[in-house]
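Top to bottom, those sequences are chains A and B.
Numbering-wise, the first sequence is residues 1 to 286 according to UniProt numbering.
Numbering-wise, the second sequence is residues 1 to 330 according to UniProt numbering.
Report on one structure; see the data block that follows.
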Amino acid sequence: MSLRYAAVRRRGPGALAWHLGALVVLAVVLYPVVWTIGASFKPSADIIGALDLFPADPIGDNYTRLTEGIADIPISTFFLNSAYIAVGSVVGVVLSCSLTAYAFAKVRFAGRNIMFAVMIGTLLLPYHVLIIPQYVLFQKLELINTFTPLLIGKYLATDAFFVFLMVQFMRGLPKELDEAARLDGCGHLRTYWSIVMPLCRPALVTSAIFTFINAWNDFMGPLLYLNEPDKYTVSMGLKMFIDQDAVADYGGMIAMSLVALLPVLAFFVAFQRYLIDGMATSGLKG
Amino acid sequence: MTHIQISPGAVAPGDDRSVPGRSGSQDGPPANAAKRPGRGENLAGYLFMSPWIAGFLFLIAGPMVFSLYLSFTEYNLFEAPRWIGLQNFSDMFADPRWRQSVEVTSWYVLIGTPVKLAAALAVAMLLAQKRWGQSFYRAAFYAPSLIGASVSAAIVWRALFSDDAIVDRTQKVLGFEVGGWIGDPEMIIYALIALTVWQFGAPMVIFLAGLKQVPQELYEAAEMDGAGRWRKFFHITLPMISPVLFFNVLLETIHSFQIFGSAYIVSNGSCGPADATLVYTCYLYEQGFVNSRMGFASAMGWLLLVAVGLVTAVLFWSQKRWVHYEEGGR
Numbered sequence: 001m002s003l004r005y006a007a008v009r010r011r012g013p014g015a016l017a018w019h020l021g022a023l024v025v026l027a028v029v030l031y032p033v034v035w036t037i038g039a040s041f042k043p044s045a046d047i048i049g050a051l052d053l054f055p056a057d058p059i060g061d062n063y064t065r066l067t068e069g070i071a072d073i074p075i076s077t078f079f080l081n082s083a084y085i086a087v088g089s090v091v092g093v094v095l096s097c098s099l100t101a102y103a104f105a106k107v108r109f110a111g112r113n114i115m116f117a118v119m120i121g122t123l124l125l126p127y128h129v130l131i132i133p134q135y136v137l138f139q140k141l142e143l144i145n146t147f148t149p150l151l152i153g154k155y156l157a158t159d160a161f162f163v164f165l166m167v168q169f170m171r172g173l174p175k176e177l178d179e180a181a182r183l184d185g186c187g188h189l190r191t192y193w194s195i196v197m198p199l200c201r202p203a204l205v206t207s208a209i210f211t212f213i214n215a216w217n218d219f220m221g222p223l224l225y226l227n228e229p230d231k232y233t234v235s236m237g238l239k240m241f242i243d244q245d246a247v248a249d250y251g252g253m254i255a256m257s258l259v260a261l262l263p264v265l266a267f268f269v270a271f272q273r274y275l276i277d278g279m280a281t282s283g284l285k286g
Numbered sequence: 001m002t003h004i005q006i007s008p009g010a011v012a013p014g015d016d017r018s019v020p021g022r023s024g025s026q027d028g029p030p031a032n033a034a035k036r037p038g039r040g041e042n043l044a045g046y047l048f049m050s051p052w053i054a055g056f057l058f059l060i061a062g063p064m065v066f067s068l069y070l071s072f073t074e075y076n077l078f079e080a081p082r083w084i085g086l087q088n089f090s091d092m093f094a095d096p097r098w099r100q101s102v103e104v105t106s107w108y109v110l111i112g113t114p115v116k117l118a119a120a121l122a123v124a125m126l127l128a129q130k131r132w133g134q135s136f137y138r139a140a141f142y143a144p145s146l147i148g149a150s151v152s153a154a155i156v157w158r159a160l161f162s163d164d165a166i167v168d169r170t171q172k173v174l175g176f177e178v179g180g181w182i183g184d185p186e187m188i189i190y191a192l193i194a195l196t197v198w199q200f201g202a203p204m205v206i207f208l209a210g211l212k213q214v215p216q217e218l219y220e221a222a223e224m225d226g227a228g229r230w231r232k233f234f235h236i237t238l239p240m241i242s243p244v245l246f247f248n249v250l251l252e253t254i255h256s257f258q259i260f261g262s263a264y265i266v267s268n269g270s271c272g273p274a275d276a277t278l279v280y281t282c283y284l285y286e287q288g289f290v291n292s293r294m295g296f297a298s299a300m301g302w303l304l305l306v307a308v309g310l311v312t313a314v315l316f317w318s319q320k321r322w323v324h325y326e327e328g329g330r
């Protein structure tokens, strides 16, 4: 009875209101993105003042100007640097965090609970307590203006969030599987690599995509550690753009902003399901 | 079975006794043996953990100790640190720009976080209804959460909120003479808050997952009793999703304290007209890396840690009063 009642209500005038509401939110949320696309085809002078979303006669100047690079550096340099750091981070996070998560989820060793509590504690630790001493450390090791300071933490499982995500996932795997593997004589390394890792693919993919996007968007890391323009990432290239011509070349800046977003948007379109489900499960277990 | 993993005394990983439904099912002779880890298990555990242990010692614990030491010194990276006791802290409290940074950050956290979470919850409730196109909307609403942290988004924000741009024009049409938000010391912080609210997608998805676990029978029973929309919201929805709400409040608050990139770029690397977007980390960066006051910046870092710790502690303490876990007790 109540089911049928609900079904009837769902088809009523509520549906129209629902779609209207959803479209309003959609418009607000996507407006900046659509505006950016439109603006990148406008002449610089029209970008701020003009109210129309898309120009009457679109121009490609903003993009052709990008091929000249920023301050004599071709923008491909920034993209290659960002890609190197982002891909390097993904490899590091997937390997180191999954090893750590396996230990927490599947190995019964002394001190595990304390270490887990400490690991969760680092999740709440503001990064800014660490930036000064880490900078001093890397400066003493003469690693400033290399990519090492930006990558090393990824290989040492310092991204507690991903460890946490993978622990959650591994705990959900049926216990019988790894018990059976143990009975068949598999050691932990074998169990980790051949049983747990393949089954954890959703958690690994989620972590990989988040890592790529975070590394791509990162601003503070490159700002601190990179000081020569040929080492700059895309974020830093954009900053150079602002420093250079704050008013003069709005068009180029907007076009570059959009190009800088392309990898993130592409990743998002391809993997949004993983990302969203990964995010949803991180807060819940049940 | 909604239950948050991050809570004091939360279930330790692999501690199956506290996993509901599994308890006791595998007891027997091996249980005792399994409790006492063998030497091989210890070795395997530490080997697997070794990247994390190294990372924790060299990149987290060690630097924390060093930063605590530096916070009592004057240090410019080139000369040896000079011990000055509590001077950095007393300088800080006497520094009007430091106080400004605390004020700006508090404002950002106190307004941005609740508005963002309210938006996230409202949209999640909209999407919780089964309708055509629901998963498309869910994905589209999530997108800004990924883009929002980038320099690109901050640049676009500057363009949208500057003089004579769309926000300004809209206000004029509506009859407000306010001008662009970016150049206005009173308003630029709200442009920054709008940027964070725009990224409501991540908490929205977590709310959505929580809403899906609320048993529908509760609503049906309440409807029989004649409960209206608001009653159902306050007496069923809110208590049932309080664990997820807690999780979101905790993460978003901690996250907001640490805002840097967007504040820095939105205000063109200057932290705003008249220090209007001088968020805490902006000032920390300026003192440490522009003015080479590493000791002072370390002291600032430690105060941030204390502040975040206090807020976290208060949230955990308060959860007893408003967070309802299904298993009762916790």
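Note that the Cβ used here is the ideal one computed from N, Cα and C, for glycine as well.
Bear in mind the structure is a predicted one, so any value in this text is a computation, not a measurement.
Same chain only: Cβ atoms within 8 Å of residue i, ignoring 5 sequence neighbours per side
i, result
"B/G301", "S67, S71, L284"
"B/Q287", "R293, F296, A297, M300"
"B/A128", "L208, L211, K212"
"B/N248", "L117, A120, P203, I206, F207"
"B/Y142", "G201, A202, M204, V205"
"B/P30", "In this predicted model, B/P30 has a pLDDT of only 41, less than 50, meaning its place in the structure is not dependable; the value taken from the coordinates is given anyway. Excluding residues within five positions, none has a Cβ falling inside 8 Å."
"B/N32", "Here the model assigns B/N32 a pLDDT of 41, short of 50, so the residue's position is not dependable and the matter cannot be decided."
Own chain residues within Cβ distance below 6 Å of residue i, not counting five before or after
i, result
"A/T191", "D178, A181"
"A/M115", "none"
"B/S270", "none"
"A/T281", "none"
"A/P55", "F41, K42"
"B/G28", "Because B/G28 sits at a pLDDT of 37, beneath the cut-off of 50, its placement in the model cannot be relied upon, and the point is left open."
"B/L218", "I236"
"A/A203", "L165, M166, F169"
"B/G9", "For B/G9, the predicted structure reports a pLDDT of 37, less than 50, and the residue's modelled location is therefore unreliable. A value from the coordinates is still provided. None."
"B/S162", "G180, I182"
Minimum C-alpha distance to residue i - residue among the options
i, options, result
"B/V266", "B/L278, B/I60, B/V249, B/R99", "B/L278"
"A/T146", "A/W35, A/G221, A/A45", "A/G221"
"B/V102", "B/T281, B/L211, B/E217", "B/T281"
"A/Y274", "A/Y155, A/T36, A/S207", "A/S207"
"B/G62", "A/V136, A/P263, A/A260", "A/V136"
"A/P32", "B/R82, B/A153, B/A94", "B/A153"
"B/G55", "A/S96, A/L66, A/S89, A/I75", "A/S96"
"B/A307", "B/A263, B/N268, B/F257, B/D275", "B/F257"
"A/I165", "A/P229, A/L23, A/T233, A/C200", "A small fix is needed here, since residue 165 of chain A is Leu in this sequence, not Ile. The shortest Cα separation from A/L165 among A/P229, A/L23, A/T233, A/C200 belongs to A/C200."
"A/G121", "B/Q319, B/V123, B/K320, B/A313", "B/A313"
"B/A122", "A/W18, A/E228, A/P202", "A/W18"
"B/W317", "B/G40, B/L192, B/L250", "B/L250"
"A/Q168", "A/A157, A/L150, A/Y102, A/E228", "A/Y102"
"B/P215", "B/T237, B/W198, B/A165, B/M224", "B/T237"
"B/I274", "B/P144, B/I155, B/G183", "Sequence check: residue 274 of chain B is Ala here, not Ile. Here the closest residue by C-alpha is B/G183."
"A/P174", "A/V196, A/T158, A/A83, A/S98", "A/V196"
Enclosing alpha helix (DSSP H) for residue i [first to last residue]
i, result
"A/T64", "61-66"
"B/N42", "39-55"
"B/L218", "216-224"
"B/T113", "96-127"
"B/I189", "188-198"
"A/D243", "234-244"
"A/L30", "14-39"
"B/N291", "From DSSP, B/N291 is part of no alpha helix (DSSP H); its letter is neither H nor E."
"A/I209", "201-217"
"B/V244", "242-257"
"A/V167", "160-172"
"B/F207", "201-212"
"B/Y137", "134-147"
Those residues which DSSP pairs with residue i across a bridge
i, result
"B/R82", "B/E74"
Interface partners of residue i on chain D, CB under 8 Å
i, result
"A/V90", "Reference to chain D is not applicable here, since the protein chains of this structure are A and B."
Spatial neighbours of residue i in its chain, beta-carbon cut-off 7 Å, leaving aside the 5 residues before and after
i, result
"B/Y190", "W181"
"A/V87", "none"
- [ ] Only counting runs of 4 or more residues, tell me where the alpha helix (DSSP H) segments fall wholly within the stretch 41-111 of chain A, in order along the chain.
- [x] Within the stretch 41-111 of chain A, the complete alpha helix (DSSP H) runs of at least 4 residues are 44-49, 61-66, 75-106.
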